[in-house]
Amino acid sequence: MLHYVWYTLLKVRYILQKEHTMSSQERQAIVSLLATLLLAAIFLGYVLPRYPSGNPYSPEVFHFWGLAVVILVPVSIAANIAISIVFSIVYSMATQEKAAFFSDERDKFIELRGLRNALYVFLCGFFLAMGSLAIGMPPSVMFIVLMCSGYGSGMVGNLSQIYLYRKGS
Amino acid sequence: MGTWAIRNNIRKLRFHHDEMTQQQLAEKVSVTRQTIVALEKGKYTPSLELAFRIARAFDVSLEEVFFLDENPS
């Protein structure tokens, strides 16, 4: 696990060192990845400790997860957009570089490939979540697996985009 | 049917057009410079529309820009 974290940090440093060659879309993918990580950390730190104790099949548990998802989805979208806008402004101010928001056909192609990989991950997570119910595990396990696959798929989508941009395809 | 690869003469055509820069070509055909880099390296195959726009930017036919390599290494 530590090796993996260390390897990821080295990879991020390598990417940042090559930042001057990055396109704005590539930077955006990195920012989006970091935003997803940040939101996942906030979710784990803020929402999970409020999990209701007691019977795992009680209506409170379903109410808790329902509320968590209903709040999480719009907040995540809004936070992601806000972080991207703030980054673009700060980056433009820091580098005096005009922000290019337009994306061409190759950017869209890379975005679609990232989305495809993200959907594969979410599909696997969905089957795992349903599998957990099928083998008689409590519903909270299903919700946790679904949440994790949601965040995981977002990260895989962003990582795929960064990889494809780095590869030059 | 063997494997074919689509190659291009973009680098050569840029040279013959007063050393047109990648950025200048990118602006002419409305793509990013990174896309031109990927095209020149052969790592990206453009859409038919972009291929025509590139040919028009150099004022040549499509076949003069892109060609089929029937024996890719």
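Chains as they are written, first to last, in this note's numbering: chain A, 1 to 169; chain B, 1001 to 1073. Cβ coordinates follow ideal geometry from the N, Cα and C atoms, glycine included. On a predicted model such as this, the values are computed, not experimentally measured, just so you know.
A residue is called buried once 16 or more other Cβ atoms fall within 10 Å of its Cβ, and residue 1021(B), having fewer, is exposed. For residue 102(A), no beta strand (DSSP E) run applies, since DSSP gives it neither H nor E. Contact annotation, residue 36(A) with residue 151(A): C-beta distance approximately 6 Å; criterion of less than 8 Å satisfied. Per DSSP, residue 1014(B) is one residue of the alpha helix (DSSP H) stretching across 1010 to 1016.
Taking residue 1053(B) as the centre and dropping the five residues before and after it, the same chain places the C-beta of 1029 closer than 6 Å to its C-beta, in chain order. With contacts defined as CB atoms closer than 8 Å, residue 128(A) and residue 156(A) fail to qualify as a contacting pair. In this structure, the beta-carbon distance from residue 1044(B) to residue 1051(B) does not fall below 8 Å. In terms of Cα proximity to residue 110(A), the closest of 168(A), 33(A) and 51(A) is 168(A).
Within chain A, the residues placing a beta-carbon under 7 Å from that of residue 1035(B) are 104 and 106, ordered along the chain. Counting along the chain, the unbroken beta strand (DSSP E) around residue 1068(B) starts and ends at 1066 to 1069. In the three-state reduction of the DSSP assignment, residue 135(A) falls in the coil class, being assigned neither a helical nor a strand state.
Cβ-Cβ separation between residue 158(A) and residue 32(A): approximately 5 Å, consistent with a contact (criterion under 8 Å). No residue range can be given for residue 1020(B), since it is assigned to no alpha helix (DSSP H) and is classified by DSSP as neither H nor E. Chain B has a Cβ within less than 8 Å of the Cβ of residue 168(A). A Cβ-Cβ separation of about 7 Å places residue 62(A) in contact with residue 139(A) under the 8 Å criterion. Rounded to the nearest angstrom, the Cβ distance from residue 1004(B) to residue 1068(B) is 5 Å, consistent with a contact under 8 Å. Around the CB of residue 1025(B), 16 or more other CB atoms lie within 10 Å, so the residue is classed as buried.
Within chain B, 1032 and 1034 have C-beta atoms less than 7 Å from the C-beta of residue 23(A), given in sequence order. The beta-carbon separation of residue 52(A) and residue 43(A), rounded to 17 Å, does not stay under the 8 Å limit for a contact.
Contacts between residue 1062(B) and chain A, judged by CB atoms closer than 7 Å, are missing: the closest CB pair is about 17 Å apart. Against residue 1050(B), the close residues of chain A are 105, in the order they occur along the chain (beta-carbon pairs closer than 7 Å).
Judged by DSSP secondary structure, residue 1004(B) falls outside any alpha helix (DSSP H); it is assigned neither H nor E. Nearest C-alpha to residue 1057(B) among 1072(B), 1014(B) and 1002(B): 1014(B).
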